[in-house]
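In our numbering, the protein residues as written are 3 to 587.
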């Protein structure tokens, strides 16, 4: 073939494919430069008198409750299983398996509600879903694949328990559990990226056009704070739910040996809930600080606008959680013969917990009538008004955390008698840690009143450091001082029935609190689907009133509690055998 023929064929090929190349390039440029959708009110589907927002809100919150539970329980199941290997105590292994048994009953419900959430989003908010799919591209497919992998590993982990229970096989089993938890955490991180992107979009220009990578959209300003906050909240929430299950079984059982088992399970679950809850306020501070840094308007809406009074309700719920957890720990002192000598300190701890609770829920500005303002001399109470600002509230919450840890430490000490020669000196160091740390917390709180406003938030840093120093320092000293200690007999099952109702209070309060904070977080976007990028032009593009929000949150909470009671009943039904069945077998 001559050179002229080759050139002619090449020219023909270029003419043939160039239009396609041009259009492809134009399509790609259009995809990159296309902004966020701008649906009008008529573009939102209306199905009878159904409130689209309430349907999606209920499905999303219910899915979050269930997902938090099935994510958290495998985390401390594998930790408990590892404790069984380290200590050689089969009770830990049996308890870990029972943890997973509850998860198995709730997992299918999680998937079912998640499917309902996806369907409702596609039906009621198709333009938002189209935009999120465009921003995150193949990440949603990866999420679906990971969900399938989590399902497989969950079933293999649970049903292989007895087959891989002894010897080296146990390490294979824990490896499966480690894979399960890795996949579960990855799923949570991916879902958090979508939620946080809607609050602090990244990787897009002001019109919503995708200008960055999927990783840039994922790693938006609020992603990491939200990851930490939800991780700790899930640990605390999962512990509270399992604690409620243990209380349910404790009250239902008549066999003393089984009651002792569920008493021990309830104590362990309460410990896990407190362990996750203690650092949770600090993670919340970080998240709120990042929200302020990203958008002062969102921060003011949360803390100084229409949503500010909801933080008073938050204080009530958190105070309820702390009072219930402490009451359960105080009741636990009766399990040991030496508990009575520590019970005398309970009244002092109770004064601090209740006092801190009252300070925390004291508002700064009161909602008053004209006559009340005139009689009071202003909107601020002369004596109680100063308790409504952050220096007082930071001091109160840190003291509540310190004394909650002290309640746990009292029970732990009541079952062990130290044998080391330096036990007296160790106790003096622990006391000094508490005295100096509490003095520093109070001193930093007072300093917060006299320092300029710009430094008031900074004054909370030494308070947090003092709280963590007391807790971590006391744990380290107790680890060395109580090593080889003489163990006192713990009478598991020797608990009053009313103490178990404290374990019921925890999941109810946690569930209500999570629903409340979810409403606050979502409402910060006001009338935006994606903040400042994609406008919400639906008929319900406004923040619900506090009364309406309270009704919806309460209904969702009651619905979830009903599901949990059903799961608990189902788990107990699985253990029930008809009379004569064992003889027939």
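C-beta: ideal position from N, C-alpha, C; glycine also.
Within 10 angstroms of the Cβ of residue 292, are there 16 or more other Cβ atoms? Answer buried if so, exposed if not.
-> The residue is buried, with at least 16 neighbouring Cβ atoms inside 10 Å.
Inter-residue spacing [alpha-carbon to alpha-carbon] between residue 96 and residue 472 = Approximately 33 Å between the Cα atoms of the pair.
Please report the Cβ distance between residue 395 and residue 361, rounded to the nearest whole angstrom; I am assuming they are in contact, meaning their Cβ atoms lie under 8 Å.
-> Contact between residue 395 and residue 361 holds, with the beta-carbon distance rounding to 7 Å and staying under 8 Å.
With C-beta atoms as the reference, is residue 369 less than 9 Å away from residue 243?
-> Their beta carbons are not under 9 Å apart, which means residue 369 does not touch residue 243 by this criterion.
Between residue 207 and the rest of its own chain, which residues show a CB-CB distance below 7 Å, the 5 nearest in sequence each way excluded?
-> Closer than 7 Å at Cβ, skipping near neighbours: 213.
Would you check if the distance between the CB atom of residue 295 and the CB atom of residue 268 is smaller than 9 Å?
-> Cβ atoms of residue 295 and residue 268: not closer than 9 Å.
Based on the DSSP output, what are the partners of residue 419 in its beta bridges?
-> Paired residues: 488.
May I ask you to list the residues that DSSP assigns as paired with residue 338?
-> Answer is 492, bridged to residue 338.
Could you name the residues of the same chain whose beta carbon sits closer than 6 Å to that of residue 1, not counting the 5 residues immediately before and after it, in chain order?
-> No answer is possible for residue 1: the residues shown for the chain start at 3 and end at 587.
Please report the Cβ distance between residue 402 and residue 341, rounded to the nearest whole angstrom; I am assuming they are in contact, meaning their Cβ atoms lie under 8 Å.
-> With 8 Å as the limit, residue 402 and residue 341 do not qualify as a contact, their Cβ atoms being about 22 Å apart.
Under the three-state reduction of DSSP, which class applies to residue 535: helix, strand or coil?
-> Residue state, collapsed to three classes: coil.
Go to residue 128, then tell me how far its alpha helix (DSSP H) extends in each direction, as first and last residue.
-> Run containing residue 128: 128-138, per the alpha helix (DSSP H) assignment.
Any idea what DSSP makes of residue 311, helix, strand or coil?
-> Coil, per DSSP.
Nonlocal neighbours in the same chain, by C-beta distance under 7 Å from residue 85, ignoring five residues either side = Cβ within range, chain order: 94.
Presumed contact (8 Å Cβ cut-off) between residue 126 and residue 54, rounded CB distance | The C-beta separation of residue 126 from residue 54 comes to about 4 Å, placing the pair in contact by the 8 Å criterion.
Below 8 Å on the Cβ atoms is my guess for residue 183 versus residue 203; work out the distance and round it to an integer in Å.
-> Going by Cβ atoms, the distance from residue 183 to residue 203 rounds to 30 Å, so no, they are not a contact pair.
Can you tell me whether residue 252 is buried or exposed, with buried defined as 16 or more other CB within 10 angstroms of its CB?
-> Taking every protein chain shown into account, the CB of residue 252 has 16 or more other CB atoms within 10 angstroms, so this residue is buried.
Mind checking who residue 212 pairs with in its DSSP beta bridge?
-> Per DSSP, 206.
Taking the alpha-carbon positions, what's the residue 160 to residue 386 distance?
-> Roughly 54 Å between the two C-alpha positions.
Note down the Cα distance separating residue 271 from residue 330, rounded to an integer number of angstroms.
-> So the two alpha carbons sit approximately 12 Å from each other.
What are the start and end residues of the alpha helix (DSSP H) that includes residue 528?
-> No alpha helix (DSSP H) holds residue 528; DSSP gives it neither H nor E.
By Cβ distance, which residues of its chain are closer than 8 Å to residue 30, with the 5 residues on each side in sequence left out?
-> Residue placement at residue 30 is poorly supported in this model, since its pLDDT is 43, which falls under 50; the coordinates are not used for a value here.
Leaving aside the five residues before and after residue 286 along the sequence, list all residues of the same chain whose C-beta is less than 8 Å from its C-beta, in chain order.
-> Cβ-Cβ distances below 8 Å link residue 286 to 231 in the same chain, with the five nearest sequence neighbours on each side left out; the list follows chain order.
Proximal residues to residue 348 (C-beta, below 6 Å), its chain only, five neighbours per side dropped = So the qualifying residues of the chain are 332.
Between the CA atoms of residue 250 and residue 42 - distance to the nearest angstrom | In this structure, the straight-line span from the alpha carbon of residue 42 to that of residue 250 is close to 50 Å.
Mind checking which residues open and close the alpha helix (DSSP H) that includes residue 294?
-> For residue 294, the uninterrupted alpha helix (DSSP H) run begins and ends at 282-296, by DSSP.
Buried or exposed: residue 497, going by 16 or more other Cβ atoms within 10 Å of its Cβ?
-> Flag for residue 497 reads buried.
Under three-state DSSP, which class holds residue 31?
-> Residue placement at residue 31 cannot be trusted, given a pLDDT of 38 that sits under 50; what the coordinates show is reported in the next sentence. In this structure, residue 31 counts as helix in the three-state DSSP scheme.
Separation of residue 375 from residue 70, as counted between CA atoms | Cα to Cα, the separation comes out at about 45 Å.
Out of 314, 536, 77, 215, point me to the one whose CA is closest to residue 128's CA.
-> When C-alpha distances from residue 128 are compared across 314, 536, 77, 215, the shortest belongs to 536.
Status (buried if at least 16 other CB within 10 Å, exposed otherwise) for residue 482 = The residue is exposed, with fewer than 16 neighbouring Cβ atoms inside 10 Å.
Coil, strand or helix - residue 523 by DSSP | In this structure, residue 523 counts as helix in the three-state DSSP scheme.
Taking contact to mean at least 3 C-beta pairs separated by less than 8 Å, is the segment 185-192 in contact with the segment 499-518?
-> With a cut-off of 8 Å, the segment 499-518 and the segment 185-192 do not count as touching, because too few Cβ pairs lie within range.
By how many angstroms is the C-alpha of residue 237 removed from the C-alpha of residue 393?
-> Looking at the two C-alpha atoms, the distance is approximately 28 Å.
Host alpha helix (DSSP H) of residue 259 (start-end) = 258-279 is the extent of the alpha helix (DSSP H) around residue 259.
Could you check what DSSP says for residue 21 in three-state terms: helix, strand or coil?
-> In this predicted model, residue 21 has a pLDDT of only 38, less than 50, meaning its place in the structure is not dependable; the value taken from the coordinates is given anyway. In the three-state DSSP reduction, residue 21 falls in the helix class (H, G or I).
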